[in-house]
Amino acid sequence: MDRYRYCVIPSGGNKNQCELVLDGGFKVPIVAVLMPPISMLLVTRLGFFLETANLKRLDYDVESERQKQVEEFYKTTILTKHMTFDPDLDEPQIEHLLQTAEAIRKDYPDEDWLHLTALIHDLGKVLLLPKFGELPQWAVVGDTHPLGCAFDESIVHHKYFNENPDSNNPAYQTKNGIYPEGCGLDNVMISWGHDDYMYLVAKENGTTLPQAGLFIIRYHSFYPLHRAGAYKHLMNEEDVENLKWLQIFNKYDLYSKSKVHVDIEKVKPYYLSLIEKT
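Residues in the sequence shown are numbered from 5 upward in steps of one, following my numbering.
Below, the structure is given as structure tokens:
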């Protein structure tokens, strides 16, 4: 199975900025990933590139043939993401993003940063599109988890970790692994996905979002943490505070699905004003 390293290119940069990374003595192909300004990720009609692609969210519980596809997807993900299929719901990605943002806006009207965080949290999925590298699904979507320490049993399809190369390294089999307890999640290597990409885009472009917003974007697919409570021993005090906001956000991210479609033209001025503020 192919193994990749990712080189994130700042806005205005080029692929020559990426250096070959050696992994265990072998040459590893590098996927050069563009880091555009946030505004590039937003189309003027708030449709995003994601609306055109009609990308969907993961739903593990749908009783259908897609369960097999999901399991195979996670097997590929687990075997590939080491130290070195987005199944359908009824709505396209833009509907999910706006429904999440609008539901939060209704309950937390004064937290405009949280509204914007909800709007952009999944924009990293543009990595699936040709213009942004057309990365394979296992490298973009799916749950994320720490590398370099024991794989918690709460991770989806944990059984496949037996075939992951990291399972053969004793240094990675303890609770803390290579990390000091309480080191902070910022010091923990997390499996790559759309979360980390969007976090880097926002951070490197000087976003005005608070740390809690960046934390939500970076870790919203880290379900072992915010759903099962795993890996909390690696968190520091700032992580503990930010996790409270992530858990609030997660309720809307998972359960905001609605048969009532958001009127994009009606809400567009509000969200454009938030984008301008960032």
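Ideal placement from N, C-alpha and C gives every residue a C-beta, glycine not left out.
Proximity to residue i [Cα-Cα], best of the options
i: Leu133; options: Leu123, His125, Ile124 and Val144; result: Val144
i: Ser158; options: Glu185, Glu167, Asp147 and Asn168; result: Asp147
i: Glu99; options: Val266, Glu280 and Pro273; result: Val266
i: Ser225; options: Gln215, Asn254 and Leu238; result: Asn254
i: Ala122; options: Val244, Glu241, Tyr203 and Glu269; result: Tyr203
i: Pro113; options: Glu280, Thr282, Lys281 and Tyr274; result: Tyr274
i: Gln141; options: Tyr235, Gly197 and Asn168; result: Gly197
i: Ile252; options: Phe219, Tyr176, Gly210 and Ala206; result: Phe219
i: Gly128; options: Gly233, Leu139 and His119; result: Leu139
i: Trp117; options: Phe155, Pro169, Lys272 and Ala216; result: Ala216
i: Leu276; options: Glu106, Glu115 and Leu120; result: Leu120
i: Thr178; options: Ile268, Cys153 and Glu280; result: Cys153
i: Val160; options: Glu280, Asn209 and Tyr227; result: Tyr227
Where the alpha helix (DSSP H) through residue i begins and ends
i: His198; result: His198 to Glu208
i: Gly217; result: Gln215 to Tyr223
i: Ser116; result: Note on residue identity: the sequence assigns Asp, not Ser, to residue 116. Its alpha helix (DSSP H) spans residues Asp116 to Ile124.
i: His230; result: Tyr227 to His230
Coarse secondary structure for residue i, derived from DSSP in three states
i: Ile98; result: helix
i: Lys255; result: helix
i: Ile268; result: helix
i: Ile182; result: coil
i: Pro150; result: strand
i: Ile159; result: coil
i: Leu139; result: coil
Test item: CB-CB of residue i and residue j under 8 Å
i: His230; j: Leu250; result: yes
i: Tyr201; j: Leu131; result: yes
i: Asn240; j: Gly186; result: yes
i: Tyr183; j: Asn173; result: no
i: Thr282; j: Thr212; result: yes
i: Ile108; j: Pro150; result: no
i: Asp156; j: Tyr235; result: yes
i: Leu238; j: Leu278; result: no
i: Asp170; j: Tyr176; result: yes
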